[in-house]
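Residue numbers (our numbering): 1 to 172. Beta carbons: idealized from backbone N, C-alpha and C, even for Gly. Report on the structure given below.
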């Protein structure tokens, strides 16, 4: 019950706000290469872990009462065998769907963090959100192409990841 309550509490926050909060708490407001990577990675992980937890839990509860799990119990299979052979094997069919859809949302969250200033040090690594932030002042001066290419890169990568995810969702 405790992990379920923690996951529900994390899931109730808006994802970008929770990522910003985690990035501030982890990096302490300082921007460096490893601090930015650590803050971005942990904040995105904390934002999206509850979805995996809830999905796997729902699948396990659904499969737990099925006939083949009950028959394995009657035959005398061990709990470990039932978990690995029946529950985990059948519950991981939905994980690739969630992984592809969440990875595109994670890219958007990372770009949002970079745009708002919670990023890796700009001289250490390139980041599309930071590039978009820098191009805001250029757009008002009539230099539109500095925001076009990072924006198109974000759109294309998210679209390229979401399409296979939707196809996997239709197949599942």
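Under 8 Å by Cβ, that's how I've got residue i and residue j pegged, so tell me the actual separation to the nearest angstrom.
{"i": "residue 44", "j": "residue 106", "result": "5 Å"}
{"i": "residue 42", "j": "residue 20", "result": "With a Cβ gap of about 13 Å, residue 42 and residue 20 do not count as contacting."}
{"i": "residue 16", "j": "residue 109", "result": "6 Å"}
{"i": "residue 138", "j": "residue 148", "result": "Incorrect: roughly 10 Å between the Cβ atoms, too far for contact."}
{"i": "residue 7", "j": "residue 50", "result": "4 Å"}
{"i": "residue 3", "j": "residue 53", "result": "7 Å"}
Classify residue i as helix, strand or coil using the three-state DSSP reduction.
{"i": "residue 51", "result": "helix"}
{"i": "residue 14", "result": "coil"}
{"i": "residue 174", "result": "For residue 174 there is no data in the structure shown, the boundaries of the chain being 1 and 172."}
{"i": "residue 78", "result": "coil"}
{"i": "residue 143", "result": "coil"}
{"i": "residue 62", "result": "helix"}
{"i": "residue 72", "result": "helix"}
{"i": "residue 1", "result": "coil"}
{"i": "residue 23", "result": "helix"}
{"i": "residue 39", "result": "helix"}
{"i": "residue 129", "result": "helix"}
{"i": "residue 165", "result": "helix"}
{"i": "residue 28", "result": "coil"}
Taking the alpha carbon of residue i as the reference point, which residue from the options has its own alpha carbon closest?
{"i": "residue 40", "options": "117, 149 and 153", "result": "117"}
{"i": "residue 84", "options": "64, 145, 8 and 142", "result": "64"}
{"i": "residue 59", "options": "156, 94, 140 and 138", "result": "94"}
{"i": "residue 97", "options": "12, 165, 2 and 37", "result": "165"}
{"i": "residue 168", "options": "100, 152, 130 and 143", "result": "100"}
{"i": "residue 184", "options": "79, 157 and 150", "result": "Nothing about residue 184 can be reported from this structure: the residues present for the chain run from 1 to 172 only."}
{"i": "residue 156", "options": "128, 80 and 143", "result": "128"}
Would you mind stating whether residue i and residue j have Cβ atoms separated by less than 8 Å?
{"i": "residue 132", "j": "residue 115", "result": "yes"}
{"i": "residue 103", "j": "residue 24", "result": "no"}
{"i": "residue 89", "j": "residue 82", "result": "no"}
{"i": "residue 87", "j": "residue 47", "result": "no"}
- Task: Just list the alpha helix (DSSP H) runs in the region 82–118, keeping only unbroken ones of 4 residues or longer that don't cross its boundaries, in chain order.
- Result: Correct list: 88–91 and 95–116.
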